[in-house]
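Count the sequence shown with the UniProt record's numbering and you get residues 1 to 433, in order. A short worksheet on the structure shown next.
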Amino acid sequence: MKKVAPRRRLGGQVGGLMGGRNVKSILEWMDKGRSENSAIDYGLRLRLMCHVKSIDDVEKYFDSIPPDAKNHYTYGAFLNCYCTKMMTDKALAVFKKMDELKYVFNNMPFNSLMDLYIKVGTPEKVPLLVEEMKQRKIPLTNLTYYIWIQSYRHAVDLEGLEQVMHEVQEQDSVRDDWKIYSNLAAVYIEAHQSEEANTALKRMEELFDNPRSADRKAYHYLISMYAKTGNLSSVYKAWEKLVSNFEVCQNASYLTMLRALSALDDIEGLKKLLEEWEMGCLAYDERLPAVVIGAYLRHDMLEEAEQLLRDIKVKADRQIKFAHVLFMNYFLEKHQFDSALKHMEAAMAAKWKPVVEKLDPFFNHFKEEKNVDSAEDFCQKLEKVQPLDSRTYLWLLQTYAAAGQIAPNMRQRMEGSGIDITPEHEELLQKIC
C-alpha cells in the first residue's frame, strides 16, 4: 500500500479540523517540521491560518512564500481565505491574478467564489459562474452542484432548479450522488414545491437504498424531509426500510421518526411508536417521550401529557428537564404563570439553563401586576443556575418603575454583576434609586 505523507494526508482532513485549538496545534506542529516546504504545505498553512489569524497575518505569510512555491495551489488557498473572510473585492483581485497566471483551470477557484457570493447575499451571481465554467470547459464537480443548488435556496428560481435537475440526470459523474438530490429536495421544500421535492426525495432514496451499504443518517434525513413535504406514507415506508436494514434500531432513529410523526400530527402513530421503543430500549432517553408530550400539549391533551410525564419520572429514574420545559411553555401561552413557574423550577433542578428571551412572559406578567416581590424571587431562582444578564436587569428595573418602588442599591448590584449600564438602564435607575 502506498504511504501518504502526513501533511498531504492532513490536507484532505483539514475541513474537519477547524476548531481553534486543533488548528493552533497543527500550526505549531508544522512550525517544528522540516524547513523546506512544498506548495501544498504553504497552501495548507494559509487555509489553517485563515481560521485563527487576522487577514493581515495571512497576507504577510502569503507575501513571504518563495516565488517558485506560488502556484495554483497556494493562490487558490489565498483566494479561499478572502472568500472565507467575505472580502469580495480582494477575492476578485486574486481570482483575476490567478487567471492572468493561467491558474484557473479547475473548479476550486470557482467554488470558492460561489460560496462567497452566497455568504455576502448575492446568490444570483452563482449561475453566472457556472456558465463561465462551462464556457471554459471546466467540469462541474459534485461540490459545484451542491453550491449551485444552494444558491437557489437564497434566491428562489424554479426554472433554474429544473435546469439543474435535468443537467444532473445527464451527467454520469454526478447523477448517482444522492446528496445532490437531497439538496434539491431541501430547496424545493423551502419554495413550497412539495411535488418536486418528493420527486427528488424518491430519486435520493433509490440511490442510497442498498442494504449492503445502508446509511442510517441518510434514512434519518429522508424521514425528516418527507415529513416536511407532508408525505406520511413515505415517512412510514422509509422507517420500515431503516428498521429492516439494521439489526439494532438506535434511540436516534426513534427520535427522528417521533419528530416526523409529531410534525405530521399523527397522534396514534406517536403512541404506538413510543410503546414500541419503551419495550426494547436499552438506554432511556427522556427526549423521546418529550416529543410525544409536545404533540399532546399542542392539541391541548393535558391529561395525557401529565400522565406521560409521571411515567417518564418513574422510568427515567432521574431528574428530567425537556418535558418540564414543554409544560412551562404551554402554561405560559395559557397565562397560567404559577404552573409555568413550577415546571421551570423542575427543569432548572435538572441543570436546565433557560434562554433569557424565552422568559419574557414571566417578566411582563410581573410588570403588569406591579409585583416586585415575585420578580425578585424569580431572579433569585435564575441566579442559582446562571448570572443575571443585562436584559434580566432591564425587566427588573421596569417592574420596580411600574410599581413605583425604589431600590437604592440597584446600581451597585448591577455593577457588582458586571452589567454594562445602557442609557435605557440609566433612565430607569434615575427613577428608582
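Virtual Cβ for every residue (Gly too), placed ideally from N, Cα, C.
query, result
"Taking the alpha-carbon of Val325 as reference, which of Asp300, His335, His299, Lys358 has the nearest alpha-carbon?", "Lys358"
"Contact defined as beta carbons within less than 8 Å: I believe Leu242 pairs with Ser224. What is the distance between those atoms, to the nearest angstrom?", "At roughly 12 Å, the Cβ-Cβ gap does not stay under 8 Å, so Leu242 and Ser224 are not in contact."
"Does DSSP put Glu195 in a helix, a strand or coil?", "helix"
"Helix, strand or coil for Met204? Go by DSSP, reduced to three states.", "helix"
"Whose C-beta lies closer than 7 Å to the C-beta of Val174 among residues of the same chain, with five residues either side of it excluded?", "Asn142, Tyr145, Val168, Ile180"
"Of the choices Asp157, Asp209, Tyr221, whose alpha-carbon is the least far from that of residue 468?", "The question about residue 468 has no answer, for the chain in this structure spans 1 to 433."
"Is Thr74 helix, strand or coil when you go by DSSP?", "helix"
"Using the Cα positions of Met344 and Ala375, report the straight-line distance between them to the nearest angstrom.", "14 Å"
"Between the Cα of Lys237 and the Cα atoms of Val248, Glu247, Leu261, which residue gives the shortest distance?", "Leu261"
"Check Thr392 in the structure and name its three-state DSSP category.", "helix"
"So residue 434 packs on Val58, CB below 8 Å; how close in whole Å?", "It is not possible to answer for residue 434, since the shown part of the chain is limited to 1 through 433."
"Just verifying my parser: in three-state terms, what is the DSSP assignment at Lys228?", "helix"
"How is the alpha helix (DSSP H) around Glu159 delimited, first residue to last?", "158-170"
"Ala401 and Leu382 - do their beta-carbons sit closer together than 8 Å?", "no"
"Starting from the Cα of Val235, find the closest Cα among Glu247, Leu264, Gln250 and give me that residue.", "Leu264"
"Any idea what DSSP makes of Tyr284, helix, strand or coil?", "coil"
"May I ask you to report which of helix, strand or coil DSSP gives Ile293?", "helix"
"Just how far apart, CA to CA, sit Ser417 and Met257?", "44 Å"
"If we call anything under 8 Å between Cβ atoms a contact, is Thr392 one with Val356?", "yes"
"Where do the N-terminal and C-terminal ends of the alpha helix (DSSP H) with Cys379 fall, by residue?", "372-383"
"Can you tell me whether DSSP reads Asn245 as helix, strand or coil?", "helix"
"Alpha carbon to alpha carbon, how far is Pro67 from Met348? Give it in angstroms, no decimals.", "60 Å"
"So for Arg318, helix, strand or coil by DSSP?", "coil"
"Three Cβ pairs or more, each shorter than 8 Å: is that satisfied between the segment 146-165 and the segment 109-128?", "yes"
"Hey, out of Asp311, Glu206, Met108, whose CA is closest to Leu140's CA?", "Met108"
"Looking only at its own chain, which residues have a Cβ that is under 7 Å from the Cβ of Ser112, when we skip the five neighbours before and after it?", "Leu79, Asn80, Cys83"
"I need the DSSP call for Leu239, collapsed to helix, strand or coil.", "Looking at the sequence shown, residue 239 is not Leu but Trp. DSSP places Trp239 in helix when its eight states are reduced to three."
"With burial defined as no fewer than 16 other Cβ atoms inside 10 Å of the residue's Cβ, what is the status of Met204: buried or exposed?", "buried"
"Compare the beta carbon distance of Glu286 and Ile267 with 8 Å and say whether it is the shorter of the two.", "no"
"Leu273 to Leu309, Cα distance in whole Å?", "17 Å"
"Can you tell me whether Asp41 is buried or exposed, with buried defined as 16 or more other CB within 10 angstroms of its CB?", "buried"
"Below 8 Å between beta carbons: does that hold for Ala93 and Asn71?", "no"
"Alpha carbon to alpha carbon, how far is Glu195 from Met410? Give it in angstroms, no decimals.", "59 Å"
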